[in-house]
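Written below as structure tokens is the structure these notes are about.
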Amino acid sequence: MNAPVEKPSASAAGARTLAWDGPTRLFKWSLVLLVFDGWLSNTVGGAYPAWHKWNGYLALTLILFRVLWGFVGGSTARFTNFIALPGRAFAYLRATLAGRPQKYLGHNPLGGWMVMALLGLVGLQAVSGLFAADEDRLVIDGPFVKFVSDATVSFAAKWHHRIFDAIEILVLLHVAANLFATFVKREPLIQGMATGYKPVEPYADEARARPGSWAAAAVCLAIAAAVVFGGILAAGGRL
Amino acid sequence: MKLVFRTMLITAAAAIAISGAYAQSAAIAKRKDILKGVGDATKPVAAMLKGEAPFDNAKAQKALATYASAAKELKGLFPADSKTGGDTAALPKIWDEKAKFDAIFDKLAADATAAAGAIKDEASLKANFGKVLGNCKACHDDYRAKKS
Numbered sequence: 023m024n025a026p027v028e029k030p031s032a033s034a035a036g037a038r039t040l041a042w043d044g045p046t047r048l049f050k051w052s053l054v055l056l057v058f059d060g061w062l063s064n065t066v067g068g069a070y071p072a073w074h075k076w077n078g079y080l081a082l083t084l085i086l087f088r089v090l091w092g093f094v095g096g097s098t099a100r101f102t103n104f105i106a107l108p109g110r111a112f113a114y115l116r117a118t119l120a121g122r123p124q125k126y127l128g129h130n131p132l133g134g135w136m137v138m139a140l141l142g143l144v145g146l147q148a149v150s151g152l153f154a155a156d157e158d159r160l161v162i163d164g165p166f167v168k169f170v171s172d173a174t175v176s177f178a179a180k181w182h183h184r185i186f187d188a189i190e191i192l193v194l195l196h197v198a199a200n201l202f203a204t205f206v207k208r209e210p211l212i213q214g215m216a217t218g219y220k221p222v223e224p225y226a227d228e229a230r231a232r233p234g235s236w237a238a239a240a241v242c243l244a245i246a247a248a249v250v251f252g253g254i255l256a257a258g259g260r261l
Numbered sequence: 294m295k296l297v298f299r300t301m302l303i304t305a306a307a308a309i310a311i312s313g314a315y316a317q318s319a320a321i322a323k324r325k326d327i328l329k330g331v332g333d334a335t336k337p338v339a340a341m342l343k344g345e346a347p348f349d350n351a352k353a354q355k356a357l358a359t360y361a362s363a364a365k366e367l368k369g370l371f372p373a374d375s376k377t378g379g380d381t382a383a384l385p386k387i388w389d390e391k392a393k394f395d396a397i398f399d400k401l402a403a404d405a406t407a408a409a410g411a412i413k414d415e416a417s418l419k420a421n422f423g424k425v426l427g428n429c430k431a432c433h434d435d436y437r438a439k440k441s
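Quick note, the sequences are listed as chains A and D, same order. All you need for our numbering is the position in the first sequence, starting with 1, plus 22. All you need for our numbering is the position in the second sequence, starting with 1, plus 293.
Encoded structure:
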């Protein structure tokens with residue numbers, strides 16, 4: 023009897039399967055650092071406005087990368103594989119609350135929506151920053167401030183503050199959910215996102231992720247950077 | 294006679310109340326005026342930092358001198374009875390941590406004086422002016438009410 027290699031049901035203790043490819047993980051942890059650095063550069067970086075502004079350009083580049091990667095990246099990174107209808111997300115929530123959630127190799131139906139919400143809000147935060155400035159218009163301003171009305175700048179600044187509050191709330195929920203899953207439910211989600219591998223289980227979505235290629239990731243990143251930096255410069259904005 | 298005393302008493306009380314209110318609103322008006330001057334002195338320098346105006350050391354030095362003298366004056370213009378009124382944007386937190394608040398003015402004055410000595414050309418302006426402006430942001434973030 024020779025069992026096929028990587029047969030999911032052959033759950034020998036410690037057998038692991040690929041969940042997240044390298045580019046997806048590199049993106050994910052880079053975005054964590056940039057969100058933290060965005061807060062840090064605003065809180066203690068008043069003397070260095072360029073620090074906060076470049077943080078924003080890089081965050082926007084990463085978000086655009088992730089949108090492209092959601093179409094051509096590894097299987098668990100693709101939008102079609104983790105955007106669930108609201109009905110399925112609620113069903114997952116009910117099953118989780120009842121103590122019998124299905125396990126997913128990639129994002130679960132609720133987690134998928136958290137990913138979309140975080141990507142959307144961080145993207146909006148970066149875009150609003152392009153048009154925002156400090157109240158006195160003296161300390162820091164985005165590259166598009168000089169093209170829009172003062173009322174638009176105030177509007178963008180107001181939302182730049184509000185969206186950050188919303189990001190803080192979602193980050194807390196996201197971190198809490200993953201800590202709960204990892205340490206209480208003993209499903210090693212955090213280790214999975216760090217190493218790329220998760221234990222072999224009867225996952226609801228797929229048994230093993232098909233990784234995206236580093237070359238495709240490099241192309242996505244190049245396109246994203248070209249759109250962000252090229253767009254700002256082409257519009258006549260000062261970085 | 295009783296009426297005269299009563300009138301005098303009321304007048305005196307009113308005078309004290311009015312002069313107190315005056316001192317309070319005078320501090321608010323004075324600090325708002327100084328801060329307006331600080332903003333006005335900063336505008337041409339902000340334009341230089343953005344590369345929208347040519348380097349003009351006279352304007353940079355004038356702004357820095359304005360900050361140094363404003364910082365010293367402003368420290369005395371937030372008395373405990375000037376928490377409200379006069380359309381002030383000062384947050385009550387100022388008086389909860391007055392020493393920390395005053396320390397920002399000390400740092401502003403010191404940074405402005407240091408920058409005044411260091412700034413000679415456009416490169417040294419860009420290298421040194423941001424540090425001074427960081428004090429404006431630090432104080433406004435924590436102690437000034439947001440407009441929206």
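Backbone N, C-alpha and C define an ideal beta-carbon position, used for all residues, glycine too.
Proximity below 8 Å, CB of A:G68 to CB of A:V167
In the first sequence, residue 68 of chain A corresponds to position 46, counting from 1. In the first sequence, residue 167 of chain A corresponds to position 145, counting from 1. Contact flag unset, no.
Beta strand (DSSP E) runs wholly inside the region 190 to 237 of chain A, at least 3 long, in chain order:
Look at the region 190 to 237 of chain A and you find these whole runs of beta strand (DSSP E), each 3 residues long or longer: 219 to 221.
Pull up the DSSP beta-bridge partners for D:R437, would you.
Mapped onto the second sequence, residue 437 of chain D falls at position 144. Residue pairing from DSSP places D:R437 in a beta bridge opposite D:A383.
Does any residue of chain A bring its CB to less than 8 Å from the CB of D:G427?
The residue labelled residue 427 of chain D in the question sits at position 134 within the second sequence. Yes, D:G427 lies at the interface with chain A (some Cβ there is under 8 Å from its Cβ).
What does a CB cutoff of less than 6 Å around D:P372 pick up in its chain, not counting 5 residues either side in sequence?
The sequence position of residue 372 of chain D within the second sequence is 79, counting from 1. Taking C-beta separations shorter than 6 Å and ignoring five residues to either side along the sequence, the partners of D:P372 in its chain run A320, following chain order.
For the region 67 to 90 of chain A, which residues have a CB atom closer than 7 Å to at least one CB atom of chain D, in sequence order?
Hits within the stretch, in order: G68, A69, Y70 and P71.
So, at 7 Å on beta carbons, what are the nonlocal neighbours of A:R232 in its own chain, with the 5 sequence-adjacent residues on each side left out?
Taking the first residue of the first sequence as position 1, residue 232 of chain A is located at position 210. The beta carbon of A:R232 sits closer than 7 Å to the beta carbons of G96 and S97 from its chain, once the five residues preceding and following it are set aside; these are given in chain order.
Reduced DSSP secondary structure (H/G/I, E/B, other) of A:R100
Translated into positions along the first sequence, residue 100 of chain A becomes position 78. In the three-state reduction of the DSSP assignment, A:R100 falls in the coil class.
Please list the terminal residues of the continuous beta strand (DSSP E) segment that includes A:T39.
On the first sequence, position 17 is the one that residue 39 of chain A refers to. R38 to L40 is the span of the beta strand (DSSP E), which, as asked, contains A:T39.
Using DSSP's beta-bridge definition, name the partner residues of A:D163.
Start at 1 with the first residue of the first sequence, and residue 163 of chain A comes out as number 141. DSSP output for A:D163 lists A:A155 as bridge partner(s).
Is there a Cβ of chain A sitting closer than 8 Å to that of D:T359, yes or no?
Residue mapping note: residue 359 of chain D aligns to position 66 of the second sequence, counting from 1. Chain A contact via Cβ: absent.
Counting only Cβ pairs nearer than 7 Å, list the residues of chain A close to D:A430.
In the second sequence, residue 430 of chain D corresponds to position 137, counting from 1. What sits at residue 430 of chain D in the sequence shown is Lys, not Ala. Residues of chain A passing the Cβ test: G68, D156 and V161.
Going by other Cβ atoms of all chains shown within 10 Å of its Cβ, with 16 needed for buried, is A:R88 buried or exposed?
Within the first sequence, numbered from 1, the residue matching residue 88 of chain A stands at position 66. It counts as buried.
Checking contacts by CB at 8 Å: is D:A409 closer than that to chain A?
Counting from 1 along the second sequence, the entry for residue 409 of chain D is found at position 116. For D:A409, the closest Cβ of chain A is not nearer than 8 Å.
State buried or exposed for A:I191, treating a residue as buried only when at least 16 other CB atoms are found within 10 Å of its CB.
Reading the first sequence from its first residue, position 169 is the one you call residue 191 of chain A. With a threshold of 16 other beta carbon atoms within 10 Å, A:I191 falls short and is exposed.
Rounded to whole angstroms, what's the CA-CA distance from D:Y436 to A:F101? Just pull it up for me.
Residue numbering aside, residue 436 of chain D sits at position 143 when the second sequence is read from its first letter. Residue numbering aside, residue 101 of chain A sits at position 79 when the first sequence is read from its first letter. Those two C-alpha atoms are separated by around 44 Å.
Considering only their Cβ atoms, is the gap separating A:A99 from A:P131 smaller than 8 Å?
In the first sequence, the residue the question calls residue 131 of chain A occupies position 109. In the first sequence, the residue the question calls residue 99 of chain A occupies position 77. Going by C-beta atoms, A:P131 is not nearer than 8 Å to A:A99.
Under 8 Å, CB to CB, which of the residues in the region 331 to 344 of chain D have a partner in chain A?
Considering only beta carbons, the part of the region 331 to 344 of chain D lying closer than 8 Å to chain A consists of G332, T335, K336, A339, K343 and G344, in chain order.
Quick one: using the 10 Å Cβ neighbour count with 16 as the cut-off for buried, is D:V443 buried or exposed?
For chain D, the structure presents residues 294 to 441; residue 443 of chain D sits outside this window and is missing.
Distance, A:M138 Cα to A:A226 Cα:
Here the question's residue 226 of chain A lines up with position 204 in the first sequence. Here the question's residue 138 of chain A lines up with position 116 in the first sequence. So the alpha carbons of these two residues sit roughly 20 Å apart.
Can you give me the C-alpha to C-alpha distance between A:A148 and A:A240, rounded to a whole angstrom?
Start at 1 with the first residue of the first sequence, and residue 148 of chain A comes out as number 126. Start at 1 with the first residue of the first sequence, and residue 240 of chain A comes out as number 218. If I take the Cα positions, the gap works out to 22 Å.
Give every residue of the same chain whose Cβ lies closer than 8 Å to the Cβ of A:G218, excluding the five residues on either side of it in the sequence, and list them in chain order.
Your numbering for residue 218 of chain A matches position 196 in the first sequence. Once the five neighbours on either side are set aside, the close Cβ partners of A:G218 are L40, A41, W42, D43, G44 and R47.
Measuring straight from C-alpha to C-alpha, what distance separates A:E223 and A:A203?
Residue 223 of chain A sits at position 201 when you count from the first residue of the first sequence. Residue 203 of chain A sits at position 181 when you count from the first residue of the first sequence. Approximately 15 Å, taken between the alpha carbons.
Is the separation between the beta-carbon of A:A154 and that of A:A173 shorter than 8 Å?
Along the first sequence, one-based indexing puts residue 154 of chain A at 132. Along the first sequence, one-based indexing puts residue 173 of chain A at 151. For A:A154 and A:A173, no; Cβs fall outside 8 Å.
Quick check on D:E345: does DSSP put it in helix, strand or coil?
What you label residue 345 of chain D is simply residue 52 of the second sequence in a count that begins at 1. Of the three classes helix, strand and coil, the one that applies to D:E345 here is coil, per DSSP.
Would a check of beta-carbon distances place A:V27 closer than 8 Å to chain D?
Taking the first sequence and counting its residues from 1, one reaches residue 27 of chain A at position 5. Here the model assigns A:V27 a pLDDT of 46, short of 50, so the residue's position is not dependable, and the following value carries that caveat. By this cut-off, A:V27 is not an interface position.
Can you check whether the C-beta of D:K440 is within less than 8 Å of a C-beta belonging to chain A?
The sequence position of residue 440 of chain D within the second sequence is 147, counting from 1. So, interface residue.
Local conformation of A:E28 per DSSP, three classes
Sequence index remark: in the first sequence, residue 28 of chain A carries index 6 (1-based). Residue placement at A:E28 is poorly supported in this model, since its pLDDT is 47, which falls under 50; the coordinates still yield a value, given next. Here A:E28 carries a coil assignment [DSSP, helix/strand/coil].
D:K424 at chain A interface by Cβ criterion, 8 Å:
Taking the second sequence and counting its residues from 1, the one referred to as residue 424 of chain D is at position 131. Put simply, the CB of D:K424 is near chain A, with a gap under 8 Å to one of its CB atoms.
Less than 8 Å between the beta carbons of D:A405 and D:A340, yes or no?
Here the question's residue 405 of chain D lines up with position 112 in the second sequence. Here the question's residue 340 of chain D lines up with position 47 in the second sequence. No, the Cβ-Cβ distance between D:A405 and D:A340 is not below 8 Å.
Excluding the 5 residues preceding and the 5 following A:T118 in the sequence, name in chain order all residues of the same chain whose CB lies nearer than 8 Å to its CB.
Position 96 of the first sequence, counted from the start, is the residue given in the question as residue 118 of chain A. Hits under 8 Å: L132.
Tell me whether A:I105 sits in a helix, a strand or coil according to DSSP, three-state version.
Your numbering for residue 105 of chain A matches position 83 in the first sequence. The three-state secondary structure of A:I105, taken from DSSP, is coil.
Is the region 120 to 129 of chain A close to the region 381 to 389 of chain D, with three or more CB pairs under 8 Å?
Cβ pair count under 8 Å is below three, so no.
For D:T300, does the three-state DSSP call read helix, strand or coil?
Residue 300 of chain D sits at position 7 when you count from the first residue of the second sequence. If DSSP states are grouped into helix, strand and coil, D:T300 belongs with the helices.
Considering only residues of the same chain and omitting the five flanking positions on each side of D:G423, which have a CB-CB separation below 8 Å?
The residue you call residue 423 of chain D lines up with position 130 of the second sequence. Once the five neighbours on either side are set aside, the close Cβ partners of D:G423 are L342.
For A:M23, the three-state DSSP class (helix, strand or coil)
What you label residue 23 of chain A is simply residue 1 of the first sequence in a count that begins at 1. Note that A:M23 scores a pLDDT of 40, beneath 50, so its modelled location is shaky; the value from the coordinates is reported in the next line. The three-state secondary structure of A:M23, taken from DSSP, is coil.
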